[in-house]
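Report on the structure given below.
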Amino acid sequence: MMRAAYAVKLGGEDPLANLEIGERPVPQPGPGEARVRVRAVSLNHHDLWTLRGVAGAPIELPRILGCEAAAVVDAYGPDRPTGSPDPGAEVVLYPVVTCGRCTACLGPDETLCREFGMLSDKVDGTLAEYVVLPAANLLPKPALLSDAETACLGTTFLTGYRMLFTRGRVRPGDSVLIPGASGGLSTALIQMAKAAGCTVIVTSRDQAKRQAALAIGANHALETARGSSRQVLALTGGRGVDAVMESVGEPTWGESLRSVRPGGVIVVSGATGGPNPPADLARVFWRQISVVGSTMGTRDEMLATVRFVEAAQIRPVIDESFPLEQAHAALARMQAGRHTGKIIVTV
Ligand SMILES: [Zn+2]
6 MMRAAYAVKL
16 GGEDPLANLE
26 IGERPVPQPG
36 PGEARVRVRA
46 VSLNHHDLWT
56 LRGVAGAPIE
66 LPRILGCEAA
76 AVVDAYGPDR
86 PTGSPDPGAE
96 VVLYPVVTCG
106 RCTACLGPDE
116 TLCREFGMLS
126 DKVDGTLAEY
136 VVLPAANLLP
146 KPALLSDAET
156 ACLGTTFLTG
166 YRMLFTRGRV
176 RPGDSVLIPG
186 ASGGLSTALI
196 QMAKAAGCTV
206 IVTSRDQAKR
216 QAALAIGANH
226 ALETARGSSR
236 QVLALTGGRG
246 VDAVMESVGE
256 PTWGESLRSV
266 RPGGVIVVSG
276 ATGGPNPPAD
286 LARVFWRQIS
296 VVGSTMGTRD
306 EMLATVRFVE
316 AAQIRPVIDE
326 SFPLEQAHAA
336 LARMQAGRHT
346 GKIIVTV
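Residue numbers for the sequence shown follow my numbering, so the first one is 6 and each next one is one higher.
Following this line, the structure appears as structure tokens:
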């Protein structure tokens with residue numbers, strides 16, 4: 006048996022009460038699969054959404070939570086793929102699980118697979134001593150990074166990489182607006198956009214979070230209030246930013262639309278503040294703004310993310326680390342939303 010943090014119920018008044026910490030069977034790898042020993046996990050809003058019962062896929066209970074992790078290869082099932090890292094190797098997990106057979110999976114973008122899911126959706130996640138996943142999902146850990154820092158790459162940095170460079174087509178010299186600069190994704194976006202040679206503008210209600218954003222490389226940190234777009238226009242010579250990285254939704258959408266330049270792009274990867282803001286379609290078509298969605302990333306993008314983080318010597322921002330037995334406290338901290346950077350659970 007092994008220690009793990011898993012959902013035993015979904016939904017209800019107190020989602021964190023749906024999480025139990027206890028013993029689960031050690032999973033056995035099947036053909037083409039690997040078992041890894043987890044060292045560090047970084048939490049995501051996805052974990053809270055699962056407990057709230059609003060994650061996309063139907064969840065079978067009990068379900069071990071946790072999407073991303075730094076780990077060590079423990080064992081393989083039958084048919085170990087050639088070139089897979091040897092037992093004992095330090096790895097970072099690519100957390101996307103797809104069917105592997107459809108045209109999306111066999112083509113260039115497996116994130117469009119109809120069976121797209123993450124670790125902790127249809128299969129058990131990483132908040133456990135061991136996790137089993139396809140051997141192809143193991144990537145070498147960057148030597149420069151600690152286990153906690155490595156655990157931020159699989160979801161947070163991968164999501165940010167695809168938002169900026171694939172979906173947003175951001176290039177060196179562009180200006181990028183990141184509304185609501187505080188959580189793990191925002192700090193990853195700031196660090197990567199800065200390293201790519203962009204001018205980075207962030208907004209936040211919180212003075213300490215604005216200071217933290219400036220400390221990791223944001224060029225400008227604006228107070229969130231009606232009218233922050235006027236300051237964005239002033240900072241960009243009246244033009245507006247080339248790209249906006251939206252993950253907040255209702256509270257920031259209007260200002261995002263007013264902050265982007267004609268022909269610019271708004272990349273949407275989340276709506277933590279609500280999914281249905283007024284669309285303001287007249288502004289969208291008249292100013293020819295592109296609004297594009299982005300979810301996670303491909304395995305190739307994950308490899309590129311790891312190489313980019315290594316080459317740019319980016320150190321992911323860690324908020325606080327908790328042992329597995331304190332997973333409730335770790336999730337409560339994320340739920341409260343007062344953190345800066347990633348919340349880590351060590352196993
Ligand atoms: Zn597929």
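The beta-carbon is built from N, C-alpha and C at its ideal position, and this holds for glycine as well.
Computed from a predicted structure; not experimentally measured.
- Going by DSSP, Lys347 is part of the beta strand (DSSP E) stretching over Lys347 to Thr351.
- With fewer than three CB-CB distances shorter than 8 Å, the stretch 105 to 118 does not count as touching the stretch 57 to 71.
- Cα atoms of Phe170 and Thr87: separation of roughly 31 Å, rounded to the nearest angstrom.
- Residue environment for Arg68: buried (at least 16 other C-beta atoms within 10 angstroms of its C-beta).
- Measuring C-alpha to C-alpha distances from Asp129 to each of Met7, Gln216, Ala213 and Leu158 identifies Met7 as the nearest.
- Rounded to the nearest angstrom, the gap between the Cα atoms of Val311 and Pro177 is 19 Å.
- Residue range His225 to Glu228 is occupied by the beta strand (DSSP E) that includes His225.
- Secondary structure remark: continuous alpha helix (DSSP H) runs of at least 4 residues inside the stretch 17 to 65, in chain order: 50 to 57.
- By the Cβ criterion, the stretch 137 to 149 is in contact with the stretch 35 to 48, since at least three pairs of Cβ atoms, one from each stretch, lie closer than 8 Å.
- In the DSSP assignment, Asp152 falls outside any beta strand (DSSP E) and within the unbroken alpha helix (DSSP H) covering Asp152 to Thr155.
- Val96 and Asn142 have their alpha carbons spaced roughly 10 Å apart.
- In this chain, Tyr99 is not harboured by any beta strand (DSSP E), its DSSP state being neither H nor E.
- When distances are taken from the beta-carbon of Ala62 to the heavy atoms of ligand 1, even the shortest one reaches 7 Å or more.
- In the assembly as shown, Gln293 is an exposed residue. Its beta-carbon has fewer than 16 other beta-carbons within 10 Å.
- Judged by beta-carbon spacing, Leu132 lies within the 8 Å limit of Ala332, meaning their Cβ atoms are closer than that value.
- In the three-state DSSP reduction, Met301 falls in the coil class, being neither helix nor strand.
- Glu325: member of the beta strand (DSSP E) spanning Ile323 to Pro328, first to last residue.
- The continuous alpha helix (DSSP H) containing Ala218 extends over residues Gln212 to Ala220.
- Residue list for ligand 1: Thr103, Cys104, Gly105, Arg106, Cys107, Ala109, Cys110, Glu115, Cys118, Arg119 and Glu120 (CB closer than 7 Å to any heavy atom, chain order).
- Gly122 is bridged by DSSP to Val102.
- Between Gly71 and Gly16 a beta carbon distance of about 19 Å is seen, past the 8 Å cut, so the two are scored as non-contacting.
- For Met7, the enclosing beta strand (DSSP E) covers residues Met7 to Ala12.
- Per DSSP, Pro90 has no beta bridge partner at all.
- According to the DSSP assignment, Val289 belongs to no beta strand (DSSP E) but to the alpha helix (DSSP H) extending over Leu286 to Trp291.
- If you draw a straight line from the Cα of Gly259 to the Cα of Trp54, it comes to about 25 Å.
- Between the alpha carbons of Ala186 and Gly82 lies a gap of roughly 42 Å.
- Pairing Ser209 with Ala156, the inter-Cα distance amounts to about 25 Å.
- For Ile319, the secondary structure class from DSSP, reduced to helix, strand or coil, is coil.
- When only Cα atoms are considered, Asp152 and Lys347 end up about 13 Å apart.
- Listed as beta-bridge partners of Val270 by DSSP are Ala248 and Ser295.
- In the DSSP annotation of this structure, Glu73 is not part of any alpha helix (DSSP H); the continuous beta strand (DSSP E) holding it starts and ends at Glu73 to Tyr81.
- Ranked by Cα distance from Ser299, the options Thr160, Ala213 and Gly245 are led by Thr160.
- In this model, Ala76 and Arg304 are separated by some 17 Å (Cα to Cα).
- Per DSSP, the continuous alpha helix (DSSP H) segment holding Leu194 begins and ends at Gly189 to Ala200.
- By the CB criterion at 8 Å, Ser89 and Glu73 fall outside the cutoff.
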